[in-house]
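Chains A and B, in that order, give the protein sequences.
Per the numbering used here, the first sequence runs over residues 746 to 920.
Per the numbering used here, the second sequence runs over residues 1005 to 1300.
Glycine included, each C-beta is placed from N, C-alpha and C at the ideal position.
Nothing here was measured: the structure is a model prediction, and the numbers come from that model.
Below: the structure, in C-alpha cells.
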Amino acid sequence: MSLVSGDSRQSDYPHSRGVVAGVVDPEMPMLTLDDLGVIRSVSEDGGAVTVTITPTYSGCPAVEEMRADIRRALTAAGYEEVQVRTVFSPAWSTDWISDAGRRKLAEAGIAPPGPAPTGPVVLNLAPPAGPSAHVRCPHCGAPATEEISRFGPTACTALRRCPACREPFEHMKEM
Amino acid sequence: MNASHVHTENAYRSLSETTELDDPRWAFGTGIVEEEGAELSSPVPSGVDATDLAAYCLMLGDDALVLQHRLSEWVANAPELEEEVALANIALDLLGQARVLLGRAGHLLGSDEDDLAYLRTENEFRNVRLVEPSDELDFAHCIARLLLFSTWRLALLQRLQQSADPVLAAVAAKGVKEVAYHRDYAVRWTLRLGDGTAHSHERMQAGLVAVWPYYDELFRSTEIECRVGVDPAGLRAEVDDVLDQVLAAATLERPTIPGAFTVGGRAGREGLHTEKLGLVLAELQSIARQHPGATW
C-alpha cells in the first residue's frame, strides 16, 4: 500500500514516469521495470514522452517487448507521442534492482543477486565447490545451496538446488 | 485496451498479443533503428576515421556473429539440457554484441545491421578464422574453441572499455561482464574434461588440437585495429598466461601446431576465410536473401 498522498504530477517526477515505472518485465512479470532498474530517464515535452531504457544483457530478447509495452502503456494513458530509446552505457548492474524487486524475486522463488563483482575478473581453477552460503534457498530458507548450471532459462539467471528441501530454483546472477 | 490490461497476468500471453500500436516486425531480427539505439548515431570521435571505425566494428561484430551461429547449432544437440541452455545463452550474448557493433557500422556506412549481417558475401566478412569451422558437434571441440575465444575476447574488451568511441566503450563495458561468464564456463568444462577420465582427457586434448591452428591469428595486428581499437598483439602475454594456467590445472598439453597460413599477407581480418564460412553464411542468410525486406 502506498502512503503517498496527492498526485504524482510534480515537475521532477512526471506522471509518465509513474506509468513507465509500473510496466512489468516480460520475462519476470513479478518485477516492474522500475524494480529491475532498467529505466534511465523519462522526460515529457508537451504531450511527447521520451523514455530511455538500458538492456540487462546485450542480447536480451525482452528489450523489444519492453519497448512495445512501454509504448502501449503510455498510449493507453493518453500520451500521443512516445519515443523509447535504448542506451548501453553505463552498463546495467544487478545492483540496480530495488529492494522491493529483491523481495518480489524471492517471493516468486528466484534467489535475488548478491552484490555485483567489482575489480578484475577472477580466473577460478578450483574444483566445483559443494553447497555455498552465498545464495539462500528461496523455498525453505536454507542458507547454503549448490549450483547446477551457470546459465538458466533466461539470460540473467543461473540454476541452483537446495540440499535441504531438494528443490531446484533460479538465482539471478550477479552482474 | 486500458493500462491495467497491458501486461496481463501471463507473461507469455503478452508476447503473442498484437495491437494497432505495435510496429511491424522484421522477419530476421528487429532492427535497431537509430532512434532506439541512442548511442549508435553518436558522432565519430575527433581524430578517428569513420571508415576505419566502421571496419573495426565489423571485425568485432563478425567474430561474435559467426561464433554465435556455430554455438546455436548445439540447440537440440547438446549432451545435457543444462549445456544446451548455457551454449544458447552464450550465443545470445554474442548475438547482442554483434547487433550493436553491426548497428554502429551500419550507421557509419549508411547501411544497417540487417543488411550487414544478411547481405554481405564471405570476403566482406572480417572475423578471425577461429570462429568459422564446424565443431562437428563434438562437445570438447566446442569447449576448446570457446576457451580460446572467450579468453582472448575478454582481454580485448577489457582494454576496449577505454575506447574514445562511445559505442565501442559501451559494448566493451557490457561485454566484459558477459564474456567473464563465458570464459568461466569454458574453463570449468576444460578442467572437468581434461582432468576427468582417460577418455574425456583424450577428447579435450583433441579439441585443443583442432582449434589450435587458428590461435596465432588472434594476435595478428592489422593497421585498422592499431589505429582505432586494441592492438591484438598486445593481448598475447595475458591470454597465453591464462591458457597456460588452465591447461596445467586440467592436465592438458598446449599443442605445438603451426598457425594456419595467410595468403599474400591476408587472413580473416582482410576477408580471407576458410571455406567453412560460406556454409555458415548460406544458412544464416538464406531466408533473408529469398525474402528481401520481409516482415511478419
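CB of residue i within 8 Å of CB of residue j, strictly
i              : j              : result
residue 1253/B : residue 870/A  : yes
residue 776/A  : residue 846/A  : yes
residue 1180/B : residue 1151/B : no
residue 1117/B : residue 1106/B : yes
residue 1246/B : residue 868/A  : yes
residue 1197/B : residue 1112/B : no
residue 807/A  : residue 784/A  : no
residue 1110/B : residue 1097/B : no
residue 1149/B : residue 1215/B : yes
residue 1144/B : residue 1217/B : no
residue 1123/B : residue 1095/B : no
residue 878/A  : residue 889/A  : yes
residue 891/A  : residue 908/A  : yes
residue 1042/B : residue 832/A  : yes
residue 1070/B : residue 1276/B : no
residue 1178/B : residue 836/A  : yes
residue 763/A  : residue 842/A  : no
residue 1229/B : residue 1235/B : yes
residue 786/A  : residue 1174/B : no
With 16 other Cβ atoms within 10 Å as the buried cut-off, status of residue i
i              : result
residue 1129/B : buried
residue 1166/B : exposed
residue 1073/B : buried
residue 1294/B : exposed
residue 1121/B : buried
residue 1028/B : Confidence is the limiting factor: at residue 1028/B the pLDDT is only 45, short of 50, which leaves the residue's position unreliable and the question unanswerable from this model.
residue 1141/B : exposed
residue 989/B  : The requested residue 989/B does not occur in the structure, where chain B is confined to residues 1005 to 1300.
residue 910/A  : exposed
residue 1031/B : Its pLDDT being 40, under 50, residue 1031/B is placed unreliably by the model, and the measurement read from it follows with that caveat. Counting Cβ neighbours within 10 Å, residue 1031/B comes out exposed, since fewer than 16 surround it.
residue 1212/B : buried
residue 848/A  : exposed
residue 788/A  : exposed
residue 1262/B : exposed
residue 886/A  : exposed
Residues bridged to residue i (per DSSP)
i              : result
residue 904/A  : 894/A and 915/A
residue 826/A  : 793/A
residue 1267/B : 1270/B
residue 784/A  : 798/A
residue 1076/B : According to DSSP, which records beta bridges pairwise, residue 1076/B is partnered with nothing at all.
residue 1155/B : The partner list for residue 1155/B (beta bridge, DSSP) is empty, contrary to what the question assumes.
residue 877/A  : 890/A
residue 1058/B : BP columns for residue 1058/B are empty, so no partner.
residue 856/A  : 916/A
residue 769/A  : 777/A
Partners in chain B for residue i, counting only beta-carbon separations shorter than 9 Å
i             : result
residue 900/A : 1093, 1096, 1097, 1100 and 1182
residue 855/A : Residues of chain B passing the Cβ test: none, with the nearest at roughly 13 Å.
residue 793/A : Within 9 Å Cβ-Cβ: nothing; residue 793/A doesn't reach chain B, min ~13 Å.
residue 920/A : 1181, 1182 and 1185
residue 910/A : Within 9 Å Cβ-Cβ: nothing; residue 910/A doesn't reach chain B, min ~20 Å.
Chain-ordered chain B contacts of residue i [CB-CB under 7 Å]
i             : result
residue 802/A : 1097, 1100 and 1182
residue 863/A : In chain order: nothing, as chain B lies at least about 11 Å away.
residue 907/A : Here the premise fails: no neighbours, minimum Cβ distance about 17 Å.
Residue i: contacting residues in chain A (beta-carbon distance under 9 Å)
i              : result
residue 1089/B : 894, 896, 897, 898 and 904
residue 1104/B : 803 and 833
Chain A residues whose Cβ lies nearer than 8 Å to that of residue i
i              : result
residue 1289/B : Correct list: empty, because the minimum Cβ distance to chain A is about 19 Å.
residue 1086/B : 893, 894, 896 and 904
residue 1253/B : 870
residue 1249/B : 868 and 870
residue 1246/B : 868
residue 1191/B : 868, 869 and 870
Contact set between residue i and chain B, taken where Cβ atoms lie within less than 8 Å
i             : result
residue 836/A : 1174, 1177, 1178 and 1181
residue 797/A : 1042
residue 866/A : 1158, 1162, 1180, 1184 and 1187
Contacts of residue i in chain A (Cβ-Cβ under 7 Å)
i              : result
residue 1170/B : 834
residue 1195/B : 870
Would you check if there are 3 or more beta carbon pairs closer than 8 Å linking the segment 1151 to 1166 of chain B to the segment 1082 to 1090 of chain B?
no
Could you tell me whether the segment 789 to 802 of chain A touches the segment 821 to 829 of chain A, where touching means 3 or more Cβ pairs closer than 8 Å?
yes
Does the contact criterion of 3 or more C-beta pairs under 8 Å hold for the segment 1044 to 1062 of chain B versus the segment 1070 to 1089 of chain B?
By the Cβ criterion, the segment 1044 to 1062 of chain B is not in contact with the segment 1070 to 1089 of chain B, since fewer than three pairs of Cβ atoms, one from each stretch, lie closer than 8 Å.
Assess contact between the segment 1267 to 1276 of chain B and the segment 1132 to 1142 of chain B, defined as three or more Cβ pairs (one per stretch) separated by less than 8 Å. Is contact present?
yes
When the Cβ atoms of the segment 765 to 773 of chain A are set against those of the segment 870 to 879 of chain A, are three or more pairs found closer than 8 Å?
no
Would you call the segment 1253 to 1262 of chain B in contact with the segment 1202 to 1221 of chain B, where contact means no fewer than 3 C-beta pairs closer than 8 Å?
yes
Give a yes or no on contact between the segment 893 to 900 of chain A and the segment 1182 to 1196 of chain B, applying the rule of three or more CB pairs nearer than 8 Å.
yes
Under 9 Å, CB to CB, which of the residues in the segment 1207 to 1237 of chain B have a partner in chain E?
Among the protein chains in the structure shown, which are A and B, there is no chain E.
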